[in-house]
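Chains V and Z, in that order, give the protein sequences.
Be aware that the first sequence starts at 1, since it is given in the working numbering, and climbs by one per residue.
Be aware that the second sequence starts at 111, since it is given in the working numbering, and climbs by one per residue.
Only one structure is covered here, and it is reproduced in the block below.
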Amino acid sequence: DQQVKQNSPSLSVQEGRISILNCDYTNSMFDYFLWYKKYPAEGPTFLISISSIKDKNEDGRFTVFLNKSAKHLSLHIVPSQPGDSAVYFCPVYNFNKFYFGSGTKLNVKP
Amino acid sequence: DAGITQSPRYKITETGRQVTLMCHQTWSHSYMFWYRQDLGHGLRLIYYSAAADITDKGEVPDGYVVSRSKTENFPLTLESATRSQTSVYFCASSTLAGGRETQYFGPGTRLLVL
Chain V
1 DQQVKQNSPS LSVQEGRISI LNCDYTNSMF DYFLWYKKYP AEGPTFLISI
51 SSIKDKNEDG RFTVFLNKSA KHLSLHIVPS QPGDSAVYFC PVYNFNKFYF
101 GSGTKLNVKP
Chain Z
111 DAGITQSPRY KITETGRQVT LMCHQTWSHS YMFWYRQDLG HGLRLIYYSA
161 AADITDKGEV PDGYVVSRSK TENFPLTLES ATRSQTSVYF CASSTLAGGR
211 ETQYFGPGTR LLVL
């Protein structure tokens, strides 16, 4: 069973608008959550993280929201830029392991 | 060069052959990981290592063997390659200080098993 689910395989957004990427997880014991971005032919790179003791973390244009009761995580990108076009993963950390979802491909149109 | 590197970047092999994918990191990170990326599955953990000579299974370890005789190297071996092992393989390293550090990924190895 997948520990992490990203139910939207793709998302298309106009440049300058908000991109919202979503992630659901199954285990309420998970306590550390991350977002990674991946360009084609490259490895994933870290974007932002959040601990379960917080419900929001911001870093520039990127904000991650955590809803523990719903076991739901979201990433907001404002404003979206064409360079943000990539696949986004939301791994969760538990006991030395990171569990990844299937990813959401974001396309930011100029 | 500093960072994490993988070799080869591309590999074509035949069913039944043994293949070894190499991973090297220059940060002296204690933790290293191997993932495979397949369409619809995202990244799935194959094996990980907490330190030299300490390895453990991930989600999909069958058909793979790892070793970690030195902190900086973490090779992944497919003992008898199968078509289902055609995938993109990513190596990653992490300090996992306090259990919360991020991972740094290599560029990936694209493996095709014919």
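The C-beta atom is built at its ideal place from N, Cα and C for all residues, glycine as well.
Helix, strand or coil for residue i, going by three-state DSSP, please let me know.
i: Y127 of chain Z; result: Note on identity: in this sequence residue 127 of chain Z is Arg, with Tyr being the wrong assignment. Three-state result, R127 of chain Z: coil.
i: Q135 of chain Z; result: strand
i: Q195 of chain Z; result: helix
i: G152 of chain Z; result: strand
i: D172 of chain Z; result: coil
i: D84 of chain V; result: helix
i: N57 of chain V; result: strand
i: C201 of chain Z; result: strand
i: M29 of chain V; result: coil
i: D166 of chain Z; result: strand
i: H96 of chain V; result: Per the sequence shown, residue 96 of chain V should be read as Asn rather than His. If DSSP states are grouped into helix, strand and coil, N96 of chain V belongs with coil.
i: K105 of chain V; result: strand
i: F215 of chain Z; result: strand
i: K68 of chain V; result: coil
i: Q231 of chain Z; result: An answer regarding residue 231 of chain Z cannot be provided, because it is not within the stretch 111 to 224 covered by chain Z.
i: K37 of chain V; result: strand
i: Q14 of chain V; result: strand
i: F89 of chain V; result: strand
i: S51 of chain V; result: strand
i: N7 of chain V; result: coil
i: F184 of chain Z; result: coil
i: S302 of chain Z; result: There is no way to answer for residue 302 of chain Z, as the model of chain Z reaches only from 111 to 224.
What do you reckon, are the CB atoms on residue i and residue j nearer than 8 Å?
i: Q147 of chain Z; j: F215 of chain Z; result: no
i: G218 of chain Z; j: T192 of chain Z; result: no
i: S190 of chain Z; j: Q128 of chain Z; result: yes
i: E182 of chain Z; j: S138 of chain Z; result: yes
i: S140 of chain Z; j: T205 of chain Z; result: yes
i: T212 of chain Z; j: S52 of chain V; result: no
i: S74 of chain V; j: L21 of chain V; result: yes
i: V111 of chain V; j: V13 of chain V; result: Since the first residue of chain V shown is 1 and the last is 110, residue 111 of chain V is not available in this structure.
i: K97 of chain V; j: L155 of chain Z; result: yes
i: P185 of chain Z; j: M132 of chain Z; result: yes
i: D163 of chain Z; j: Y157 of chain Z; result: no
i: S129 of chain V; j: D84 of chain V; result: Residue numbering for chain V in the displayed model covers 1 to 110; residue 129 of chain V lies beyond these limits and cannot be assessed.
i: V176 of chain Z; j: W144 of chain Z; result: yes
i: Q135 of chain Z; j: S179 of chain Z; result: no
i: Q195 of chain Z; j: L221 of chain Z; result: yes
i: K110 of chain V; j: E15 of chain V; result: Sequence check: residue 110 of chain V is Pro here, not Lys. For P110 of chain V and E15 of chain V, yes; Cβs fall inside 8 Å.
Who are the near neighbours of residue i in its chain, counting only those whose CB is closer than 8 Å to its CB and skipping five residues on each side?
i: V103 of chain V; result: The question names Val, but residue 103 of chain V in the sequence shown is Gly. Excluding residues within five positions, the ones whose Cβ falls inside 8 Å are Q6, P9, K38, V87, Y88, F89.
i: K68 of chain V; result: S28, S52, D55
Going by beta carbon distance, what residues of the same chain come within less than 6 Å of residue i, once the five residues before and after it are set aside?
i: I114 of chain Z; result: Q135, S203, Y214, G216
i: H72 of chain V; result: D24
i: Q26 of chain V; result: Rather than Gln, the amino acid found at residue 26 of chain V in this sequence is Thr. If we look at T26 of chain V and ignore the five residues flanking it on each side, its Cβ neighbours are Q3.
Leaving out the 5 sequence neighbours to the left and right, which residues in its chain are closer than 7 Å to residue i when beta-carbon positions are compared?
i: L47 of chain V; result: W35, Y36, K37, F62
Exercise. For the region 98-109 of chain V, which residues have a CB atom closer than 7 Å to at least one CB atom of chain Z, in sequence order?
Worked result: Taking 7 Å as the upper bound on Cβ-Cβ separation, chain Z lies near residues F98, F100, G101, S102, G103 of the region 98-109 of chain V.
Exercise. Is the number of C-beta pairs between the region 23-35 of chain V and the region 92-104 of chain V that are closer than 8 Å three or more?
Worked result: As far as the Cβ criterion goes, the region 23-35 of chain V touches the region 92-104 of chain V, which means the pair count is three or higher.
Exercise. If you measure beta-carbon to beta-carbon, which residues of the region 160-175 of chain Z are closer than 7 Å to chain V?
Worked result: Against chain V - using a Cβ distance shorter than 7 Å - the residues of the region 160-175 of chain Z are A160, G168.
Exercise. Can at least three beta-carbon pairs, one atom from the region 118-132 of chain Z and one from the region 73-84 of chain V, be found at a separation below 8 Å?
Worked result: With fewer than three CB-CB distances shorter than 8 Å, the region 118-132 of chain Z does not count as touching the region 73-84 of chain V.
Exercise. If you measure beta-carbon to beta-carbon, which residues of the region 42-69 of chain V are closer than 8 Å to chain Z?
Worked result: Result list: E42, G43, P44, T45, F46, S49, S51.
For this session: Would you list, in chain order, the members of the region 187-201 of chain Z that have their beta-carbon closer than 7 Å to a beta-carbon of chain V?
Result: Of all residues in the region 187-201 of chain Z, F200 have a Cβ within less than 7 Å of some Cβ in chain V.
Problem set entry | Contact residues within the region 20-34 of chain V, judged by C-beta distance below 7 Å to chain Z | Within the region 20-34 of chain V, the residues whose Cβ lies closer than 7 Å to some Cβ of chain Z are Y32, L34, listed in chain order.
Exercise. Going along the region 124-157 of chain Z in order, which residues come within less than 8 Å of chain V, judged by CB to CB distance?
Worked result: Contacts with chain V (Cβ-Cβ distance below 8 Å) from the region 124-157 of chain Z involve Y141, F143, Y145, G150, H151, G152, L153, R154, L155, listed in chain order.
Problem set entry | Residues within the region 77-97 of chain V neighbouring chain Z, beta-carbon criterion of under 8 Å | Answer in chain order: F89, P91, Y93, N96, K97.
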